[in-house]
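Some notes on the structure that comes next.
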Amino acid sequence: MSPHHYPHLVLRWKTLARRAGLRLLPFAEADGVPLFYIETPALAERDGIYLSAGIHGDEPAGTEGLLAWAEKNAGRLRTLPLLIFPCLNPWGLMHNTRADSAGLDLNRNFHRRHPVVTAVRQIVGKRRFAASVNLHEDYDAEGLYLYEVTRRSGCGEKLIAAASRALPHDPRKRIEGRGARNGLIRRHVTPKTFAKIGVPEAIWLYFEHTDHAFTTETPSEFALERRIAAQVAVLDAIVARTLN
Ligand SMILES: [Zn+2]
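Position in the sequence shown (from 1) plus 7 gives the number in the working numbering.
This is the structure in structure tokens:
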């Protein structure tokens, strides 16, 4: 089955949720397609982890990586404080395209009153997360790379190292116009940085809900299995470092 088959993705999440004693809940609809989330019983107002994938529909190792990680951890998922959005752009996933049906890049619109953004905001409420992770992919990438936006001491190098068996890091010194070191882009951001381009999900989280925002980027041209394995390895490392 194709990773772009959204009903199949939802079915696998439902199966996993049942096995893990969790509920996959609908929270919005886009283009007639329902969107779902999972809130674990361990999640409180503070110190949980926000996990999100599939805001760009042409990045299937994000949605598959998040599911693979959850399946791998099914036995203890209930005990972890998590808010999970398995796929924020189902139409994009089904059509293998970055934007939604209106041609809008949701990941530049977290400052606006878009229906999906508004619904996500309502679920998040006033929570503060210990960390957030947004799973992405990049066609131009030459290996795994990671954005780390933090008000604390960084740990991005260790996360990239944790995934190195699955995927080497992107060796480029400049990625997407920004300085990178061994696959790590550590950004210092202010609201002014996004005045023109619009606010991405990770940056909204950093401004309002967390001190530690990670964005993973796997290389779309590499084999899907390796990209998924790298996403899983980074998630495992973030959860271990954040919750232990
Ligand atoms: Zn993306």
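Think of the CB as a built atom: it goes at the ideal place given N, C-alpha and C, for glycine as much as any other residue.
Alpha helix (DSSP H) segment containing residue i, residue limits
{"i": "G72", "result": "67-79"}
{"i": "E164", "result": "163-169"}
{"i": "R19", "result": "13-27"}
Range covered by the beta strand (DSSP E) that runs through residue i
{"i": "T157", "result": "152-157"}
{"i": "S9", "result": "Looking at the DSSP string, S9 is not in any beta strand (DSSP E), and its letter there is neither H nor E."}
{"i": "D54", "result": "53-60"}
{"i": "P33", "result": "32-37"}
{"i": "E46", "result": "40-46"}
Cβ-Cβ separation, residue j to residue i (assumed contact under 8 Å), whole Å
{"i": "G69", "j": "G61", "result": "6 Å"}
{"i": "A313", "j": "S139", "result": "Nothing in the structure corresponds to residue 313, since the chain is present only between 8 and 251."}
{"i": "A187", "j": "D177", "result": "7 Å"}
{"i": "F117", "j": "H216", "result": "So it is not a contact: roughly 11 Å between Cβ atoms."}
{"i": "T222", "j": "L174", "result": "With 8 Å as the limit, T222 and L174 do not qualify as a contact, their Cβ atoms being about 16 Å apart."}
{"i": "G55", "j": "P88", "result": "4 Å"}
{"i": "P207", "j": "R115", "result": "6 Å"}
{"i": "E144", "j": "R179", "result": "With a Cβ gap of about 16 Å, E144 and R179 do not count as contacting."}
Pairwise C-alpha distance: residue j and residue i
{"i": "A51", "j": "A168", "result": "30 Å"}
{"i": "A247", "j": "R120", "result": "34 Å"}
{"i": "G39", "j": "W98", "result": "9 Å"}
{"i": "I91", "j": "A106", "result": "21 Å"}
{"i": "G110", "j": "L100", "result": "13 Å"}
{"i": "S227", "j": "T86", "result": "33 Å"}
{"i": "A81", "j": "N189", "result": "32 Å"}
{"i": "A202", "j": "T104", "result": "25 Å"}
{"i": "A35", "j": "V156", "result": "28 Å"}
{"i": "T249", "j": "L212", "result": "16 Å"}
{"i": "H102", "j": "D65", "result": "8 Å"}
{"i": "A27", "j": "K21", "result": "10 Å"}
{"i": "E232", "j": "E78", "result": "15 Å"}
{"i": "A209", "j": "D218", "result": "11 Å"}
{"i": "A244", "j": "K165", "result": "8 Å"}
{"i": "N96", "j": "P10", "result": "13 Å"}
{"i": "L58", "j": "L142", "result": "8 Å"}
{"i": "G287", "j": "R83", "result": "Outside the modelled stretch of the chain, which goes from 8 to 251, sits residue 287, for which no answer is possible."}
{"i": "F229", "j": "L42", "result": "28 Å"}
{"i": "A49", "j": "L29", "result": "11 Å"}
{"i": "W76", "j": "R193", "result": "24 Å"}
{"i": "G63", "j": "D112", "result": "Position check: residue 63 holds His in this sequence, whereas Gly was assumed. Approximately 8 Å between the Cα atoms of the pair."}
Environment of residue i [buried if 16+ CB atoms lie within 10 Å]
{"i": "G147", "result": "In the sequence as displayed, the identity of residue 147 is Asp instead of Gly. D147 should be labelled exposed."}
{"i": "N251", "result": "exposed"}
{"i": "I204", "result": "exposed"}
{"i": "P14", "result": "exposed"}
{"i": "Q129", "result": "exposed"}
{"i": "L74", "result": "buried"}
{"i": "E224", "result": "buried"}
{"i": "R234", "result": "buried"}
{"i": "T47", "result": "buried"}
{"i": "A24", "result": "buried"}
{"i": "G163", "result": "buried"}
{"i": "L18", "result": "exposed"}
{"i": "P198", "result": "exposed"}
{"i": "P93", "result": "buried"}
Checklist line | alpha helix (DSSP H) segments (min. 4 residues) lying fully within the segment 191-245 | finding: As for any alpha helix (DSSP H) of minimum length 4 sitting wholly inside the segment 191-245, the runs are 208-215, ordered along the chain.
Margin query: Quick check for students: name the residue ranges of the beta strand (DSSP E) that lie wholly in the segment 76-139, counting only runs of 3 or more.
Written below: 89-92
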